[in-house]
Amino acid sequence: MKKYTYALPLRWADADAYGHVNNALFPRYMEEARTRMFQEMLPTDEAGRRQHAFVVSRSIVDYRAPLSYREEPVDVHVRVVTCRGARLELAYEIRDADHLYAEATTLMAAYNLEIGRPRRISQAELDFLARYTES
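Every number in this note's numbering is 449 more than the matching position in the sequence shown, counting from 1.
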């Protein structure tokens, strides 16, 4: 399976009174991994980023086990489920070698923020995303 992996450092402030990472932060962890994955694909200038944006239209998280705060990073795996037209679906796992803490999906739309409308995913974006798509 092709996937992008980001070793996400945990922050002390992410932990609740019980020492567990608050579940509400998992979508932020997914966003951070996705943003790092997309850095190579998206334009570097502000105007280009606004014209070639992706916005989340749905996010579903299944929590599997509590994640306790620790010094070691946790891995966030990202893979492409589907990619066509203006639609992109990504799947995530937040895990380490021993435990799966969460599985999730996001449905995203390729979007032009300048005109406020969806756009088609470009061939260059499709080529990049193919690296992380199951064959």
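In this text, a Cβ means the ideal position worked out from N, Cα and C, and glycines have one as well.
Remember, it's a predicted structure, so these values are computed and weren't measured experimentally.
With distances taken between CB atoms, is the gap from residue i to residue j smaller than 9 Å?
i           : j           : result
residue 502 : residue 562 : yes
residue 540 : residue 528 : yes
residue 578 : residue 506 : no
Between the alpha carbons of residue i and residue j, how many angstroms are there, rounded?
i           : j           : result
residue 542 : residue 492 : 27 Å
residue 470 : residue 509 : 18 Å
residue 488 : residue 521 : 24 Å
With DSSP run on the structure shown, which of helix, strand or coil describes residue i?
i           : result
residue 479 : helix
residue 495 : helix
residue 574 : helix
residue 474 : helix
My assumption, with CB atoms under 8 Å, is that residue i sits in contact with residue j. Please give the rounded CB distance.
i           : j           : result
residue 554 : residue 574 : That pair is no contact at about 19 Å.
residue 559 : residue 475 : The Cβ separation is near 24 Å, so there is no contact.
residue 581 : residue 525 : The Cβ separation is near 13 Å, so there is no contact.
Q) Are the segment 562-579 and the segment 524-535 touching by the rule of at least three beta carbon pairs closer than 8 Å? A) They touch, by the three-pair rule.
Q) Between the segment 499-513 and the segment 454-463, do three or more beta carbon pairs fall short of 8 Å? A) Taking 8 Å as the limit for Cβ pairs, the verdict is that the segment 454-463 does not touch the segment 499-513.
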